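Let me begin by presenting the structure, written as structure tokens, before commenting on it.
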Amino acid sequence: MPIRLGQSERAMGVARLAVLVSGSGTNLAALLAAIDEDDAFGAEVVVVLSDRPDVRALERAQKAGIDSTVVDWTDFATRDEFTEAVCEALEPHHIDLVVLAGFMRILAPVAIERYPNRIVNTHPALLPAFPGGRALEDALEHGVKVTGVT
Numbered sequence: 006m007p008i009r010l011g012q013s014e015r016a017m018g019v020a021r022l023a024v025l026v027s028g029s030g031t032n033l034a035a036l037l038a039a040i041d042e043d044d045a046f047g048a049e050v051v052v053v054l055s056d057r058p059d060v061r062a063l064e065r066a067q068k069a070g071i072d073s074t075v076v077d078w079t080d081f082a083t084r085d086e087f088t089e090a091v092c093e094a095l096e097p098h099h100i101d102l103v104v105l106a107g108f109m110r111i112l113a114p115v116a117i118e119r120y121p122n123r124i125v126n127t128h129p130a131l132l133p134a135f136p137g138g139r140a141l142e143d144a145l146e147h148g149v150k151v152t153g154v155t
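Heads up: the sequence shown runs through residues 6 to 155, numbered per this note's numbering.
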């Protein structure tokens, strides 16, 4: 399914990305490096959103001159409320694609409704075999000879 670009992005051929993070931002750094190294990448990170304050990923965003914001998951009673706040925080940025890059929260279905076919998630092991925050450790403890990412 192609990304639906807004009028200005369509003219420029550049997709506007939001990158959601929870930690050090190594996935964010890799994405930014890939964009910097390839003029034809066709995307720009316009906002980084963290579910936790004081994470290194926010420092990486600041250093790269990218807007950042925190929607602290501990401020919300339910996943639905948290997800709605995340979507509201992204709204002013006119996002074409949401990238969950080391984002350690499960978003409620409202995110899929707001960004249909425009959310990409990274996971450090093969799903559905090894879900959760300890996916790689679980795969190794299970004794798999080969693992991957989803």
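All residues carry an ideal CB built from backbone N, CA and C; glycine is no exception. Since the model is a prediction, treat every value here as computed from it, not as a measurement.
Counted within 10 angstroms of its Cβ, other Cβ atoms place residue i as buried (16 or more) or exposed
i: R139; result: exposed
i: V24; result: buried
i: T83; result: exposed
i: A116; result: buried
i: G30; result: buried
i: L132; result: exposed
Cβ neighbours of residue i in the same chain (closer than 6 Å, five flanking residues each side left out)
i: L5; result: Look at the range of the chain in this structure, 6 to 155, and you will see that residue 5 is not part of it.
i: V51; result: R21, H98
i: F135; result: D143, A144
i: D85; result: A113
Contact test: residue i Cβ vs the ligand GTP heavy atom, cutoff 7 Å
i: A34; result: With respect to the ligand GTP, the structure offers nothing, as it holds no ligand at all.
Extent of the continuous beta strand (DSSP E) to which residue i belongs
i: D59; result: Looking at the DSSP string, D59 is not in any beta strand (DSSP E), and its letter there is neither H nor E.
i: R21; result: 20 to 26
i: I124; result: 124 to 126
i: T74; result: 72 to 75
Close-in-space but distant-in-sequence residues of the same chain around residue i (CB under 8 Å, 5 per side omitted)
i: S27; result: S55, D56, R57, V60, A62, G107, F108, M109, R110
i: V125; result: L102, V103, V104, L105
Alpha helix (DSSP H) segment containing residue i, residue limits
i: V115; result: 114 to 119
i: L33; result: 31 to 42
Residues near residue i by beta carbon distance below 7 Å, same chain, minus five either side
i: E146; result: none
Cβ pair count under 8 Å reaching 3, the stretch 55 to 72 against the stretch 29 to 44:
yes
*asked:* Within 8 Å, do at least three Cβ pairs link the stretch 39 to 59 to the stretch 139 to 153?
replied: no
What are the start and end residues of each continuous alpha helix (DSSP H) run of 4 or more residues lying completely inside the stretch 77 to 111, in chain order?
84 to 95
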